[in-house]
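Asks:
Numbering (UniProt numbering), first residue to last: 1 to 75.
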């Protein structure tokens, strides 16, 4: 239904379907992001591409077991 309102815009895209439509959270493993566009008249259809959720890992430098310690400035 959201795509049908795009006749004037042409293209809809989001990297977070959940942000746009919270009920879509159940499908984020297969449809987390989308690009959609309406085909021109007289055809009343849309084309949509979905992508799955991307999980990422951040590798930080340093030893994660080493705790941060505070010291006076300059020492």
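No residue lacks a Cβ here, since even glycine has one placed at the ideal position from N, Cα and C.
Could you give the residue range of the beta strand (DSSP E) that holds residue 48?
Replies: From DSSP, the beta strand (DSSP E) with residue 48 extends over 46–51.
Asks: Are the beta-carbon atoms belonging to residue 12 and residue 33 less than 8 Å from one another?
Replies: Against a cut-off of 8 Å, the Cβ pair of residue 33 and residue 12 comes out as no contact.
Asks: Just the C-alpha distance for residue 69 and residue 29, rounded to the nearest angstrom, thanks.
Replies: One C-alpha to the other measures close to 40 Å.
Asks: Where does residue 68 fall in DSSP's three states?
Replies: It is coil, neither helix nor strand.
Asks: State yes or no: is the C-beta of residue 46 within less than 8 Å of the C-beta of residue 36?
Replies: Yes, they are a contact pair.
Asks: Using 10 angstroms around the beta-carbon of residue 17, count the other beta-carbons present and answer buried if the total reaches 16, otherwise exposed.
Replies: So residue 17 counts as buried.
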